[in-house]
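Report on the following structure.
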Amino acid sequence: MEQAKAQTAIVVEDDPLIAMMIVSEIQDLGWSVQGTAQNESAALELLKARTPDLALLDVKLGASNSMAIATFCKQIGIPILFLTGYVASDLPPECIDAPVLAKPFSSSDLRISIGRALAHTG
97 MEQAKAQTAI
107 VVEDDPLIAM
117 MIVSEIQDLG
127 WSVQGTAQNE
137 SAALELLKAR
147 TPDLALLDVK
157 LGASNSMAIA
167 TFCKQIGIPI
177 LFLTGYVASD
187 LPPECIDAPV
197 LAKPFSSSDL
207 RISIGRALAH
217 TG
């Protein structure tokens, strides 16, 4: 029996402890994490070197945000899932058409939101 290729993801999160938690959660769901980034430039460099099946993006990255990363992902066909401590009404308009998962979240909420992100064709 042939084993299915593990799906791959990148995690963009400015808080290292939260990034570690997200990596652990997504690995528990059977995903392979190709890398993490804490800011926009590191994330864009990572995306130039890798083509993951999914990008999990914190909306707020220090003084910046992840909109340029989201735009780049959309341009090259990588589904995105926004992870944020903000409520949906506080998010920038660029987030409206992508799935958003509020932090903190459960493993089952993450799994469901990943499914929504992968099914999203926006």
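The sequence shown runs contiguously to residue 218 in the numbering used here.
Using N, Cα and C, we set each Cβ at its ideal position, and we do this for glycine too.
Quantities reported herein were computed from a predicted structural model and do not represent experimental measurements.
Identified DSSP bridge partners for D154 | In the DSSP assignment, D154 forms a beta bridge with L179.
Out of Q130, L143, E136, V119, point me to the one whose CA is closest to C169's CA.
-> Looking at the Cα atoms, L143 is the closest of the given residues.
Classify E109 as buried or exposed, calling it buried when 16 or more other Cβ atoms lie within 10 Å of its own Cβ.
-> Buried.
Note down the Cα distance separating L150 from T167, rounded to an integer number of angstroms.
-> Looking at the backbone, the Cα of L150 and that of T167 are separated by about 13 Å.
Going by beta carbon distance, what residues of the same chain come within less than 7 Å of G131, once the five residues before and after it are set aside?
-> Within the same chain, I106, L142, R146 come within 7 Å of G131 by CB-CB distance, once the 5 residues on both sides are set aside.
At what residues does the alpha helix (DSSP H) containing G211 begin and finish?
-> G211 -> alpha helix (DSSP H) spans 203-215.
Assigned exposure category for I210 - 16 Cβ within 10 Å defines buried = That one is buried.
From which residue to which residue does the beta strand (DSSP E) around S128 run?
-> Unbroken beta strand (DSSP E) run through S128: 128-133.
Spatial distance of Y182 from K199 (CA atoms) = When rounded, the distance between both Cα atoms is 8 Å.
Outcome for L177 when other beta-carbon atoms lying within 10 angstroms are tallied against a minimum of 16 | L177 comes out buried.
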